[in-house]
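Report on the structure given below.
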Amino acid sequence: MDKPLKFNNISDLMRRLLLDPPAHPMMALVNYDQVKIDLRDAGCWFMLDFYKITFKKDFNGSVKYGPGTYDFKDGGMAFLAPGQVVQMTADPGDYQGYALYFHPGLLDGHSLAKGIHSYGFFDYAVAEALFLSEKEKQVLEMLFRAIATELDNHIDQFSENVLVSQLELLLNHSNRFYNRQFLTRKNMHHDLISRMHAWLNAHFEGAGTVINGLPSPQDIATHLNVSQRYLSDMLKALTGKTTQQHIHLALIEKAKGLLNHTTLTTAEIAYHLGFEHPQSFNKLFRQRTRVSPVQFRRGQLNDN
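So the sequence shown is numbered by the working numbering: it starts at 543 and just counts up by one.
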């Protein structure tokens, strides 16, 4: 990948795209139905020091989503956090709908400054876009139009509060629609969950844990070809547990089997499962089962 073009502020990006300067220095909304995008930088990579939300009202085709490719014709959204890199495409058809840019500085002094990190979709891969139903698309288009109206008005002392409130409403609706997407695409996601469990079982069955240590959420996400945050949010929506909690569940079940069916000491079991220190294994086991490994083994022997 070539060195990306870096933009520290929104005004510089608008100037590069040959667009009018933003009405507000911390936020710009581009309506692709009303402007023509200059494509001289097509193929170039951009790095933005601010957020970008893309909303496509219509899109005929398919996109790669997680491990598969899926069609969607009712619009979609993609989210980009500061510091991420995106490539400018050469297809004029890609520039449809809205692109909303906002600088983190806009949120200073507002609860959203901290709360924005709870919106996990800013850390999703572009391939994990939000697919929208017709009704969802209408809701979001209404919100984008409200933001456009506010930006078109004369900027005053109330503008920042209004814009941040509108932005937070947009993010909350996006959160709701992503949660719906997790639930309505259960079959695809259950396949991911099954593959995750199979990978964890294979990991704890072999000697790889002794060499490589405990598996991490990133290890699993890499194996499944999804972003770590997307995987964790999907699991939370469908199972009520994060990726890390699923790792711990698989680890405890394997530990129980070793305690029941082998003569390995608890220290040997800890090292076998990938712990550097037996004390860490003992602490986790007690947290998850409310008994120590020794107490668990003793109780199983007494039951038998």
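Beta carbons: idealized from backbone N, C-alpha and C, even for Gly. Since the model is a prediction, treat every value here as computed from it, not as a measurement.
For a cut-off of 8 Å, the C-beta gap from F827 to I794 is around 6 Å, short enough to register as a contact.
Around M589, the same chain offers P546, K548 and V627 as residues with beta carbons nearer than 6 Å, after the five sequence neighbours per side are excluded. Residue range Y593 to K598 is occupied by the beta strand (DSSP E) that includes T596. When the five nearest sequence neighbours on each side are left out, the beta carbons in the same chain lying within less than 7 Å of the beta carbon of H652 are those of V706, in order along the chain.
Under the DSSP definition of a beta bridge, W741 lacks any partner. Looking from the CA of S675, the closest CA among G799, R727 and P634 belongs to R727. Assigned with DSSP and collapsed to three states, F664 falls in helix.
The stretch 681 to 700 makes contact with the stretch 558 to 570; the number of CB pairs closer than 8 Å reaches 3 or more. According to the DSSP secondary-structure assignment, Q629 is paired through a beta bridge with W587.
Using a Cβ distance threshold of 8 Å, Y640 and Y593 do not count as a contacting pair.
A direct Cα-to-Cα measurement between F838 and N767 gives close to 37 Å. For D600 and G657, the gap between their C-alpha atoms comes out near 30 Å.
Taking the Cβ atoms as the reference, Y720 lies roughly 6 Å from L672, within the contact range of under 8 Å.
Q770 has its alpha-carbon roughly 33 Å from the corresponding atom of N802. In the DSSP assignment, F823 falls within the alpha helix (DSSP H) that extends over P820 to T831.
Non-local beta-carbon contacts of H739 in its own chain, meaning distances under 6 Å to residues more than five positions away in sequence, are absent. In terms of Cβ geometry, K796 and F746 form a close pair [threshold 8 Å].
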